[in-house]
Amino acid sequence: MAGVQVGAGVASAVPWAALDHAALGLPATTDLPSSQALDGLVHAAAGIAYLKWFEYQLAASMHAELVEPFEDEDRRELDAFTRCAATIATTMSITQGAARTLLTDAVALRDRLPLVAECLRDGVVTPHHIRAIVSRTELIEGQCYAALVDADIARALRRPGSWSPARMEAMVDMMVDRRDPDAVRARREKAKRNREFTVEIGRDGLASATDTRPAEDIVALHASVTRLAAQVCPKDTRSKAARASDAHYALITQTGFGCDCDRPITDCRYKNIDLTKFAATAPRIVIHLVTDTTTLTGPVPAPENERVCRSPQHLPRPGVDHAAVEGDPVASPTSAESVAAEPIVSKPVATGSASAESVAPKTSGTEPAAATEPSASEPVATETVAAPPVSLDRVDVSADADETAAVPAHTCDADAADDAEDHTRGCEEPMGMDFVDGVGFLAGIGIVSGAHVRDLAADPSTIIRPLGDGTDTPLPATQPSNPYRPSAALDAYVRARDLFCTWPGCNRPAWDGDLDHITEYDHTHPERGGRTSATGLGAKCRFHHLLKTFGDFVDDQYPDPADPSRLIRTITIPDGRTVLGPAFTGHDVHPGLDAIVFGNPPTPGKPPPKPTERQRPAPRTEQKHARRRQERHRNRLRRVIPPDDTPPPF
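Residue numbers (our numbering): 6 to 655.
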C-alpha cells in the first residue's frame, strides 16, 4: 500500500519544490558562491521562522475550534486536547508528545506571548528559542501582568544583536523575576523540597541516574567530574562523555579510574589514578556568582506604582482616580537614583578567586566570582582568570564598593521605565509586590533569585569580595609589573559584563574562557592600540579565541555612541559579512556596572613571546584511522585464544 504524503489531501497542495522560488525570495539554484549561499541561508532562516509562526497559528486555530468549547467540562481520559493532538500527530506523522507540545506552544504564543509570536513571524527570533521562552514563562500563565512580561521579552528580542540559548534563557528569567519575584522564590523553595535521585532502566543493559540538587551543587559536581575525566593521555579511545561517566562512577564508588589506551602501564602515567591523592591535591572549586550589595541585604519596599498591574489587557476599574496613580513620582521614567529607596545603597559585587591572592593583580589562574544582580543597586563583577576546574569547597560572593541608589528590579533600566509610561492606564489590580528583590547570575546556570543569592552568601565558606572601594577612584586596569595582563578587578569586571563568550551563538560561560585583546596588543607601543582596558578586552571561549587569533575572522568592540557605557560588538567573517555581537549582557542584569571605571595602564614591560598556533599530533583523518587500527587490533587479540604449549603435568 502506497504511503500518503503530508499535504496530499489538500486539493490545492503543491509540492514545495514546484513553487516559484523567485516568489519566495529564494535563488533559482543552490549551486552558489559561499557569499550568496550565506544570503540564502539567512533568508531561509527567516522563512523557517515565518513558517513556524504560521504553523503555530494553524494549531491555535484548531485548538480554538476543537478544544476550547469543551476544555472546562471534558473529563474523558481521551479529552478534546488529546484528540486534537492525536489528529495533528497522525496527519503529520509525529509523536503524540510532539503534537501536544506544538499545541501547548501555539496556545501560549496566542494567549500569553502574542508580541513574542510577532518576533517569530518577523524572523527576529528563531523557532528553537520559542520552546525555552514558553517553558520559562509558564508561571505567569493567567496573571494580569503577563502582557507586561510579553512586552519586556519582545522589546529585548528586537534589540540589535545576536542571541545564544543561554543568553536567551537568562534574559527571560530576568524579565519574569522583574514582574513576579515571589513566584520565582516560591518555585525555588518547592524545588528544594522536591530534590530527588531517580534511576531509569534503559536498553542494552544500561540505565540513567538523575540527581536533582541545587544548582551550585551540580556546578561543583560537574567541575570535579570534568577534572578527573581529563586525567588521561591523548591515546584514550573514549569520548569525553564516556570518560565523564566513568569518572563520575569512580568518584562515587571510590573505585579505580585511568586511561584505557593500549600502551603498557610503564609508558602511560595515567593508567591508574589514585583517587585519594587526586582529591588531596585537587584545587578548590570556586563558583562565580555576580550580585550587588542591595540584593545581599534583602528585599526593599516597592514603589507604590509598582504594586499594581499596568497591563494593557485589563480595563481600568471604575471609580479609580487614575490621575493620582499617574502622579506617583515613580510612575514616569526617571533615573535610578530618583526611584531608589533613600536608605538603600547598592554596591556592585565582584567575586575573585577563592583565595585572597586572587584579588591581587594576578591573572595566572581563573577563579569564579560571585555577585548578584542589582535590581536596585550597582552590578557586581567577578574576578576570573583561566584555570582548570577544581573540587568545590567554597562560593565567592563579592559586592562592589561603588555606591549607587537601589533600583527595583523592574525599574532598573530604560525599558522598565518605558513600561511605566506606556501602561499607566492599564489594570489596577494589586500584584502583591510590596517588596522588590534583586537577582544574581550564577556562572554555568544563569539567573537565580535574591533568596538563592542570600542562601549562598550565608554559607560559611562563601567569600564576598567588593569590586572597588566605594569611592570614585579608578580601579587598576592592569598588573603593576605587566600592562599586558589585566588586574584582578578588570578581569572580574569583564567577565561579569560579558556573562558568556561574546561570539554570536556561543553558550560557554565567560568564567570558563579567556580574556582576549580585541585589537592585538602592541607590546612595544601599547598606546598605538590593543591596550588592556575594559573597552579593549572581551571574553571568549578557547575555541573562538583561537579562531579569531589564527583564522580569518575579525572582531571589533567600541562604545555605543548613544550610550558610551555600553559596547557594540561585531564579528566580520572571511567573506566580509559583519554580524552583531550579543544583544544581552551583564549591563542588562547589573546596570551598576556602568559606574565602574578603570585607570590607565602603566608603562609596558618586557613583551611576552609571540603566540604560536597549536598543532595537532597528526591530521584528523590520520588520527581517526589510527584509532580504528588500535581498536581492530585489540578486538583481534580478544578473539584469538593463545595456543597452550605448556607440557602436561606428567
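Even glycine gets a Cβ: it sits at the ideal position worked out from N, Cα and C.
Sort the options by Cα distance to residue i and report the nearest one.
i    : options                : result
K245 : R536, A255, A234       : A234
D565 : M180, L294, A588, C506 : A588
F59  : P38, P132, E70         : P132
R198 : R218, Y254, I206       : R218
V112 : C149, E73, D77, D79    : E73
I578 : A151, A122, L43        : L43
I573 : G581, R243, D560       : D560
D110 : E123, T96, I138        : I138
A152 : P165, A27, E123, P119  : P119
S213 : T483, R183, D155, Y254 : Y254
R117 : A103, D157, D477, T296 : D157
A28  : G52, D182, R164, V47   : G52
F555 : T529, D568, E525       : E525
L280 : V305, C273, D251, T298 : D251
A247 : A225, L211, A544, D272 : L211
A515 : H549, R183, H528, T537 : H549
L461 : I99, T296, N605        : T296
A122 : Y150, D155, C149, A104 : D155
Count the other C-beta atoms from every protein chain shown that fall within 10 angstroms of the C-beta of residue i, then say buried if there are 16 or more, exposed otherwise.
i    : result
P20  : exposed
F262 : buried
L83  : exposed
D557 : exposed
G147 : exposed
D442 : buried
V204 : exposed
K282 : exposed
S454 : buried
T656 : Because the chain in this structure spans residues 6 to 655, residue 656 falls outside the shown range and cannot be described.
Y229 : Just to set this straight, residue 229 is Ser in the shown sequence, not Tyr. Label assigned to S229: buried.
F86  : buried
E221 : buried
D36  : exposed
V444 : buried
L320 : Note that L320 scores 41 on pLDDT, short of 50, meaning its location in the model is unreliable; the coordinates nonetheless yield the value given after this. The residue in question, L320, is exposed, as its Cβ has fewer than 16 Cβ neighbours within 10 Å.
A482 : buried
H592 : buried
Y489 : buried
L24  : exposed
By the DSSP assignment, the alpha helix (DSSP H) with residue i in it spans what residues?
i    : result
G543 : Careful: G543 lies outside any alpha helix (DSSP H), inside the beta strand (DSSP E) at 542–545.
R184 : 170–184
D155 : 151–162
V594 : 591–594
V72  : Looking at the DSSP string, V72 is not in any alpha helix (DSSP H), and its letter there is neither H nor E.
A94  : 85–97
T299 : 298–302
Output needed for residue i: all residues of its chain with C-beta closer than 8 Å, excluding positions within five of it in sequence on either side, in chain order.
i    : result
A175 : F446, G451, I452, L504, F589, V594
L542 : P491, L495, V499, L520, D521, H522, I523
R547 : G518, D519
P509 : S167, S169, I576, V584, L585, G586, P587
G581 : S40
G303 : D442, G455, R459
R619 : L551
Spatial neighbours of residue i within its chain, please: CB distance less than 7 Å, with the 5 preceding and 5 following residues excluded, ordered by chain position.
i    : result
N512 : S169, P170, A171, F505
Y55  : R126, G128
A539 : L495, Y498, V499, F603
D178 : R141, G451, I452
T201 : The amino acid at residue 201 is misidentified as Thr; the sequence shows Glu. If we look at E201 and ignore the five residues flanking it on each side, its Cβ neighbours are T217.
A249 : V230, T231, A234
T507 : G543, A544, K545, R574, G586, P587
C89  : M67, H68, L71, V72, L108
Mind checking which residues open and close the beta strand (DSSP E) that includes residue i?
i    : result
T205 : The sequence as given places Glu at residue 205; Thr does not occur at that position. Per DSSP, E205 belongs to the beta strand (DSSP E) from 201–206.
D570 : Sequence check: residue 570 is Ser here, not Asp. Here the beta strand (DSSP E) through S570 covers 568–577.
R117 : It is not in any beta strand (DSSP E) - R117 carries neither H nor E in the DSSP assignment.
T142 : Careful: T142 lies outside any beta strand (DSSP E) and carries neither H nor E.
I290 : 289–295
L585 : 583–585
L520 : 519–522
D565 : 559–565
Only counting the same chain, and skipping five residues up and downstream in sequence, which positions put a Cβ closer than 6 Å to that of residue i?
i    : result
D599 : S570
C124 : V130, A159, L162
Q236 : Y275, I278
T215 : T203
Q628 : none
Can you find a C-beta in chain D that's less than 8 Å from the C-beta of residue i?
i    : result
A246 : Going by chain labels, chain D is absent from the structure shown, which holds only one protein chain.
Going residue by residue through the region 431–513, where are the continuous alpha helix (DSSP H) segments of at least 4 residues, counting only ones entirely within it? 455–462, 493–503
Jot down the residue ranges of each uninterrupted alpha helix (DSSP H) in the region 202–281, minimum 4 residues, whole runs only, in chain order. 220–234, 245–258
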